[in-house]
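Going line by line, the protein sequences match chains H and A. By the working numbering, the letter at position 380 of the first sequence is numbered 380, and the numbering carries on one by one without gaps. Convert by adding 1000 to the 1-based position in the second sequence; the result is the number in the working numbering. Virtual Cβ for every residue (Gly too), placed ideally from N, Cα, C. A quick note: this is a predicted structure, and the numbers were derived from the prediction, not measured.
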Amino acid sequence: MADVVGYVFPNEHHIHWSLMIVTYPYITGIIAGAFIVSSLYHVFHVKALKPVSRFALIFALSFGICCTWPLLNHLGHPERCFNIMLTPHPTSAMAGFGYVYSTYMIILLLEILFIYRAVFARLLPQTTGFKATLYRALTFGNTDLSPATLRFDHKVTSWLALIGIPMACVLHGYVGFIFGGVKAVHWWLTPLMPVIFLLSACVSGIAGIILGYLLVQWWKRRPVDEECLSTLVKYLWGFLILDVVLELLDLGVHAYLRVESWHVLEHLISGPLFTSFIVMQILIFSFIPLVILGVLTLANVRGKALQILATLSAVMLLIQVYCMRWNVVIGGQMVSKSGRGYTFYHPGFFEKEGILPTILILLAPVIILFFLAKVFPLWMTEEGQNPQPIKNFN
Amino acid sequence: MNKGRRKFLGYLLKGTAGSLYWMLPLPIKVPLQIPGLGEEEKYDPEAHEFVFMVDINRCIGCGSCCVADKREYQVPDGQYRTWVERYLITVDGEVFVDSPKGALEGYPEPRKVEKPVRDAFFVPKLCNMCEEPACVQVCPVGATFKTDDGFVLIDYKRCIGCAYCVQACPYGVRYIHKKKRTADKCTWCYHRVRRGLLPACVNACPTGARKFGDLRDPDSEVSKILRSSEPLFVLKPDMGTFPRLKYLHLRQEVI
């Protein structure tokens, strides 16, 4: 429950957008970021990312499935959720969500089906029972493996990824727009909000892929593709630089302009939001990974050091992006529209929109990914061979 | 004796018949509070332009308006369609604002401020019924809408309870109703106004601090104030929402 400092309007004692709305842009960010990793290989032909290109797609799909869960849990009337698509209100930024999300998910699914068609076709002769039926259904009966068909698959995949990149950007840039377009909340009101959301999405998506890839490789005792990891680290560093610089520039411009709203916001930053914004989001979880990733990239670190430091950075950046979502969503609501006070938010563990539901919603994509991996081989080469486990894992 | 009993029975019968008159569901014409509204054959929303005015200098912070409002709508505890703020401004310009329980119990105790006070006043707050309402703009399903006679209302059967309008309202008048689980806010008592009655809070205000009327009626109090040289202000004009709620004698410290 909330408590207040100073004068806040009587209706503002309760924070309406809870942990669920912190989690929702976090999940969409991971989807968008993961899709961009996959597109780097499929569209921009970054060959080094081949080992994770399919994993990234299925990773995006698992998070995509759970994307609406926090929203549905938050709505006062979730049973009316389809109104957003049946009776959309054209002037509302939020009204586009259903369409943007559905279009993106359709493109993602089509992309996955076209990429996996050949894989399923190759696996079919060795598969029996339910799985074989499933594979046959997923190939839509087309098990042709001739070079012409494969070329066609590849062409369609490239086109889908080409549409998918702007769609992934729209999906998440749009989430930023939902916040940036609220003029009543000074903390959100910046045209940079969609850009910052998009860049932090790339950061969380790449960090998620790095962490997922390394954990799976270690668990399966398989060698880590250093070229791939090193490339991911480079992209992560690049996006992190852009993300942190733009966030600080945005803050810096407001601080320098010192318009009326800033006098309220500076007390927010130095007061209720100091720990989660300045200390956690910026000093610890942005600057430390920024240095680590910089060293890994510039010194071209390899071997176990690369793996451990990349894991550490990925974990820190996943926390950083969650902090960013918290600081935006909750921070904006902390400032009273009276301009004379702040509301605090302490989510309960068991409450409907509290910590436990958040943990469950964030764990769900990992569990879904585990089951999807049983159907969609994540690491198989295009020729349908399993990668060899290393004998001396240390 | 016999005559007396007959007379008594006669009175009893007449009295019973008289009482029945009040119990029978006869169409009783409520005296209209908004002139001209009941005379129309069919209500034409486009023929009216309602505004709400609050005179800061008249409000005594009694909280009658808040009580009337809570009773009219059974507003859940801790949520407010309207409230009254108390402002104290010291000689050096420091501003103290409070609104305990939204002024539902009035202000029985004075607020103690150590410095000498330059100005003290009450500010009733309610829906601003903006010409360009941010809440209507952001509602993803069109559940919040603007009527032709200038009211911003909510379709409770369509609202999904996303709270985007709560975030978008610059005046903090919206909330998610605890029981309905939809957005809710002050409606300027649209159901009363359509019947020619004043909003419940205007009716309850003992000092005439809350005023309501039709600008299209040149004889209405609000029309006369608008034509006069009285200083009229709106809250947060920089938000570009163009509120229909106007304040008389508003101080610049009020947000």
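| Item | Value |
| --- | --- |
| Where DSSP assigns a beta bridge to F1052/A, which residues make up the other side? | F1212/A and L1245/A |
| Taking the beta carbon of F44/H as the centre, do at least 16 other beta carbons fall within 10 Å, making it buried, or is it exposed? | exposed |
| Closer than 9 Å by beta-carbon distance: list the chain H residues that pair up with S1064/A, in chain order. | Those do not exist, as S1064/A stays about 17 Å from chain H at its closest Cβ, beyond 9 Å. |
| Can you list, in chain order, the residues of its chain with a C-beta nearer than 7 Å to that of V224/H? Leave out the 5 residues immediately preceding and following it. | L214, Q217 and Q307 |
| Which residues in chain H sit within 9 Å of Q1167/A, going by Cβ to Cβ distance? | H16, W17, F179, V182, A184, V185, W188, G332 and Q333 |
| Apply the 10 Å Cβ neighbour rule to N83/H and answer buried if 16 or more other Cβ atoms are within range, or exposed otherwise. | buried |
| On the criterion of 16 or more Cβ atoms from any shown chain inside 10 Å, does L229/H qualify as buried, or is it exposed? | buried |
| Counting beta carbon pairs with one atom in the segment 191 to 206 of chain H and one in the segment 317 to 336 of chain H, are three or more of them shorter than 8 Å? | yes |
| Any Cβ of chain A within less than 8 Å of the Cβ of L75/H? | yes |
| Going along chain H, which residues have a C-beta under 7 Å from Q1137/A? | T91 and S92 |
| Hey, could you find the ends of the beta strand (DSSP E) G6/H is sitting in? | V4 to Y7 |
| If contacts are defined as beta-carbon pairs under 8 Å, then R1086/A and R1111/A qualify, I think. What distance do you get, rounded to the angstrom? | 7 Å |
| May I ask which residues mark the beginning and end of the beta strand (DSSP E) holding H196/H? | According to the sequence provided, residue 196/H is Ile. The question's His does not apply to it. Run containing I196/H: none in the beta strand (DSSP E); it sits in the alpha helix (DSSP H), M193 to W219. |
| Quick one: which chain H residues come within Cβ less than 7 Å of M1163/A? | The amino acid occupying residue 1163/A in the given sequence is Ala; Met does not appear at that position. Within chain H, the residues near A1163/A are H16 and W17. |
| Determine the direct distance from the alpha carbon of G76/H to that of D3/H, and round the result to whole angstroms. | 23 Å |
| Could you tell me the alpha carbon to alpha carbon distance between L290/H and I1255/A, rounded to whole angstroms? | 42 Å |
| Excluding sequence positions up to five away, which residues of its chain have a Cβ less than 7 Å from the Cβ of P191/H? | G180 |
| Would you mind telling me which residues of chain A sit closer than 9 Å to E266/H, beta carbon to beta carbon, in chain order? | Within chain A, no residue comes near E266/H; the closest Cβ sits about 17 Å away, beyond 9 Å. |
| What would DSSP say about N392/H, mapped onto helix, strand or coil? | Annotation note: pLDDT 42 at N392/H (below 50); position unreliable, coordinate value reported separately. Coil, per DSSP. |
| For V182/H, which of helix, strand or coil comes out of DSSP? | coil |
| Can you pull the DSSP bridge partners for I1154/A? | T1144/A |
| V175/H: buried (16+ other C-beta within 10 angstroms of its C-beta) or exposed? | buried |
| Is Y1043/A helix, strand or coil by DSSP? | coil |
| Going by DSSP, what residue range makes up the beta strand (DSSP E) through I1089/A? | W1083 to T1090 |
| Counting only C-beta atoms, is C67/H closer than 8 Å to chain A at any point? | no |
| Going by other Cβ atoms of all chains shown within 10 Å of its Cβ, with 16 needed for buried, is W69/H buried or exposed? | buried |
| For P365/H, which three-state DSSP category applies? | helix |
| First and last residue of the alpha helix (DSSP H) that includes F120/H? | F97 to L123 |
| In whole angstroms, what is the alpha-carbon distance linking V5/H and L1104/A? | 21 Å |
| Write down the C-beta distance between E1114/A and R1244/A rounded to the nearest angstrom, noting that I regard them as a contact closer than 8 Å. | Incorrect: roughly 39 Å between the Cβ atoms, too far for contact. |
| Is there a Cβ from chain A that is less than 8 Å from the Cβ of D3/H? | no |
| Could you check how far apart the C-beta atoms of Y342/H and P272/H are, in whole angstroms? I think they sit under 8 Å. | 5 Å |
| From S1019/A to G1010/A, what does the alpha carbon distance come to, in whole angstroms? | 14 Å |
| So, does the CB of R1181/A fall closer than 8 Å to a CB anywhere in chain H? | yes |
| Taking only beta-carbon positions, decide if P10/H is within less than 8 Å of chain A. | yes |
| Do K1211/A and M1053/A have their C-beta atoms closer together than 8 Å? | yes |
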